[in-house]
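In our numbering, the protein residues as written are 1 to 272.
A short worksheet on the structure shown next.
Spelled out as structure tokens, the structure:
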């Protein structure tokens, strides 16, 4: 019990196992279960029936709602009970029924979630995922293993992201979309199969990106996906022209990076 801060408030009907580290101002509601290897930093709040288990660290100010299970074993046939981890950042909101799993030993053993994220009801973060900051995962969004979600991505309700796929910063994925291939930064993807439908102009505008910059990104997008050569060759060909545009450089770096998945495009995956 020496690992529990004096200012923590733990309901008498909660179970906090010996070994758990409970920070200042933490609130743990009735019927919650906190495992022996869990760390809850300052001002974390667990509402009734929340479960935090495994080797899991929850950042300060994060709120976890009823029936969420955070830090469960990876749902992988290759997991043999190794001591893997989940780290969740500060000021996240994790709504009802959300599940997040620890990593697998074959891939470094870590699932990492950043700060200021919103996970709506029944969304899922699988083993070995990397989720950035200011991400919104709507209801029933499913991330398979090893997915990378960069900063300020919005994933619409019921969308599913294939394992090892990357979604670039400030991209928007529409509801019920199937994300089978990497989505460029600032991209907008919809449908099943998911097709790249242009840029997330609304999100870019809300982020304060200047209209003139957005027009430059649009021109670069057209050059990349409508040019005569392959997407990667088109991207490489315009790098010097757009070296002074941060947003275009994000896209070009994303395309040039090593990946297990192909790139989403306006046509990839279309039948016929």
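Using N, Cα and C, we set each Cβ at its ideal position, and we do this for glycine too.
According to DSSP, residue pairing for residue 178 in a beta bridge involves 160. For residue 135, the three-state secondary structure derived from DSSP is coil.
For residue 209, there is no enclosing alpha helix (DSSP H), as DSSP gives it neither H nor E. By the neighbour-count criterion, in which 16 or more other beta carbons inside 10 Å mark a residue as buried, residue 202 falls on the exposed side. In the structure shown, the three-state DSSP call for residue 119 is strand. Each residue's CA atom was taken as its position, placing residue 233 and residue 86 some 38 Å apart. In the assembly as shown, residue 166 is a buried residue. Its beta-carbon has 16 or more other beta-carbons within 10 Å. Taking C-beta separations shorter than 6 Å and ignoring five residues to either side along the sequence, the partners of residue 58 in its chain run 40, 44 and 88, following chain order.
It is roughly 35 Å from the alpha-carbon of residue 217 to the alpha-carbon of residue 107.
For residue 110, the three-state secondary structure derived from DSSP is strand.
Assignment of beta strand (DSSP E) within the region 192-248, counting only whole runs of 3 or more residues, yields 195-199 in chain order. Under the DSSP assignment, residue 55 falls in the beta strand (DSSP E) whose first and last residues are 55-58.
The region 224-244 makes no contact with the region 139-152; the number of CB pairs closer than 8 Å stays below 3.
Closest in C-alpha terms to residue 29, from the list 12, 19 and 21, comes 12. Spatial neighbours of residue 178 in its own chain (CB-CB distance under 8 Å, excluding positions within 5 residues in sequence) are listed in chain order as 159, 160, 162, 191, 192, 193 and 194. The shortest CA-to-CA distance from residue 48 to any of 96, 62, 102 and 137 is the one to 96.
Closest by C-alpha distance to residue 54, out of 84, 80, 31 and 92, is 84. Counted as a single uninterrupted DSSP element, the beta strand (DSSP E) harbouring residue 69 occupies residues 69-72. Per DSSP, the unbroken beta strand (DSSP E) holding residue 88 starts and ends at 85-88. Residue 77 counts as exposed, since fewer than 16 other beta carbons sit within 10 angstroms of its beta carbon. In this structure, DSSP gives residue 251 a helical state, which the three-state scheme calls helix. Where residue 23 is concerned, there is no enclosing beta strand (DSSP E), because DSSP gives it neither an H nor an E.
In this structure, residue 235 sits away from residue 262, with a CB-CB distance that is not shorter than 8 Å. Proximity to residue 176 across 265, 141, 91 and 198 peaks at 141, based on C-alpha coordinates.
In its chain, beyond the 5 residues on either side, 171 and 196 have a beta carbon closer than 6 Å to the beta carbon of residue 187.
Judged by DSSP secondary structure, residue 189 falls within the beta strand (DSSP E) whose first and last residues are 187-190.
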